[in-house]
Each structure stands twice: as structure tokens, then as C-alpha cells.
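Numbers in the numbering used here are just positions in the sequence shown, counted from 1, shifted up by 101. Notes for the one structure printed next.
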Amino acid sequence: MRVFVAIVALLAILAGAAWATRPGEAEFDAMLKQAIEEKIAKTDVGSSGDDALGTVALIGCKLRPSDCMKLIRDSLEVTVEKGAFTTRYKVSGLKQEATCTGAFTKIWCEKGAIAP
102 MRVFVAIVAL
112 LAILAGAAWA
122 TRPGEAEFDA
132 MLKQAIEEKI
142 AKTDVGSSGD
152 DALGTVALIG
162 CKLRPSDCMK
172 LIRDSLEVTV
182 EKGAFTTRYK
192 VSGLKQEATC
202 TGAFTKIWCE
212 KGAIAP
């Protein structure tokens with residue numbers, strides 16, 4: 102019986118921690134900013150075979166990453182669904198869609214989507 106009570110208490114503590122540490126929209130924006138900055142830093146101008154507009158956009162992002170981040174974030178539609186223990190982010194825009202999940206202060210997305 103003590104083992105059962107201990108397991109229930111442990112699960113209650115774990116559930117409380119999950120609820121208290123689920124990330125919000127500010128944490129998602131920080132993760133998105135980091136992912137965009139990493140992508141901009143790793144991409145060389147002209148290496149991806151983009152059209153002229155894509156190359157100009159990349160150059161602009163390399164010169165002013167904060168403006169680039171704001172422009173990209175404004176072009177994305179993010180729907181935040183807060184669950185009891187997790188947060189789900191549905192992101193659409195720029196001809197792409199992704200679903201990300203957040204729990205215990207971490208956010209992860211489908212492979213190859215937003216986060217590296």
C-alpha cells in the first residue's frame with residue numbers, strides 16, 4: 102500500500118512540475134528566433150540555388166537579423182493550444198505548416214520543420 106501511495110505522490114509531483122513548466126508563446130518566439138538566426142548564420146549567399154528574390158532576402162537577413170525575425174514572425178500564423186501538461190503550437194505560413202509541442206520548458210517540432 103505504501104508503494105502505491107508513493108507512486109501516486111510521485112505522479113502528482115511530476116504532473117505539477119509539467120503544468121508549471123509548460124512553455125508559453127514567449128518561449129516559442131525565443132525558440133523560433135534562435136532557429137532562424139542559426140539558419141541565417143549557416144547559409145551562404147548563393148549556395149542554395151535560390152532565385153534572385155531569395156538571395157536578396159538572405160542578404161537582408163544577414164545584415165539585419167532582428168528585422169528579418171520580425172518580418173518572418175509577422176508572416177507566420179501561430180495557434181497556441183495549452184493543454185494540462187503540454188503546449189501545442191500549430192504554425193502555418195510561408196507555404197509551410199508545422200506542429201510543435203512544448204513541455205518541461207522545452208519545445209520540439211517535427212523533424213525538419215522549424216527547429217533545427
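Backbone N, C-alpha and C fix where the C-beta goes; we use that ideal spot for every residue, glycine too.
Scanning the region 122-172 for uninterrupted alpha helix (DSSP H) segments of 4 residues or longer gives 126-143 and 153-164, listed from N- to C-terminal end.
Taken atom to atom, the span from the alpha-carbon of K134 to that of M170 is near 6 Å.
In the assembly as shown, R103 is an exposed residue. Its beta-carbon has fewer than 16 other beta-carbons within 10 Å.
Shown here for E182: same chain residues with a beta carbon closer than 6 Å to its own, the five before and five after excluded, namely R189 in chain order. Here F205 has A118, A119, T122 and R123 as same chain residues with Cβ atoms under 8 Å from its own Cβ, once five neighbours each way along the sequence are excluded. DSSP places A185 outside any beta strand (DSSP E), giving it a letter other than H or E. Taken atom to atom, the span from the alpha-carbon of V146 to that of S167 is near 18 Å.
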